[in-house]
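Residue numbers (this note's numbering): 75 to 241.
Quick reminder that beta carbons are idealized off the backbone N, C-alpha and C, glycines included.
Note that the structure is predicted; figures quoted are calculated from it, not measured.
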């Protein structure tokens, strides 16, 4: 029988046990079609790169299948009918991967990264920036008044003169 990999994304509103129940339902459909589910991986609630049916996140699930094409078609039909599934993709592969998928491997290596606080290592904090340098002109008392204003910052008022007043 041919091998398939199927990844589907479930709505963010449902819980992880409900995603497992959906997966059990799809596995049952494949097994009724004389196929088997070789591996299933729950990738967790992950952010989507764009909104899909008003969802910004989704539960990702991977299924590795060893099933006839008719069973896979029936499973995909049930996925299209189920309103909890927002996307799915099934591809035919030459052989099934043993061990964890690339997503699961990247998740385990991500835990090895240093914490955000430690990312600067032994680099000292920048000393060229001081709080008083952030303000243009230093302290308020040291600032010069702008042109056309008094020392207290208020503008001096002068009545407008017209050419008739000058005659």
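Quiz item: What's the C-alpha gap between residue 88 and residue 137?
Solution: Translated into positions along the chain shown, residue 88 becomes position 14. Translated into positions along the chain shown, residue 137 becomes position 63. If I take the Cα positions, the gap works out to 19 Å.
Quiz item: Is there contact between the segment 77-87 and the segment 114-130, where contact requires at least three CB pairs shorter than 8 Å?
Solution: yes
Practice problem: Determine, using beta carbons only, whether residue 145 and residue 108 come nearer to each other than 8 Å. | Solution: Against the chain shown, residue 145 aligns to sequence position 71. Against the chain shown, residue 108 aligns to sequence position 34. Yes, they are a contact pair.
Quiz item: Beta carbon of residue 110, beta carbon of residue 140: below 8 Å?
Solution: As a first step, residue 110 must be located in the chain shown, where it is residue number 36. As a first step, residue 140 must be located in the chain shown, where it is residue number 66. Cβ atoms of residue 110 and residue 140: closer than 8 Å.
Practice problem: Would you mind giving the Cβ-Cβ distance between residue 242 and residue 77, rounded to the nearest angstrom? I have them listed as a contact below 8 Å. | Solution: An answer regarding residue 242 cannot be provided, because it is not within the stretch 75 to 241 covered by the chain.
Self-check item: Residues that DSSP places opposite residue 132 in a beta bridge
Solution: Within the chain shown, the letter at position 58 stands for residue 132. DSSP output for residue 132 lists 85 and 120 as bridge partner(s).
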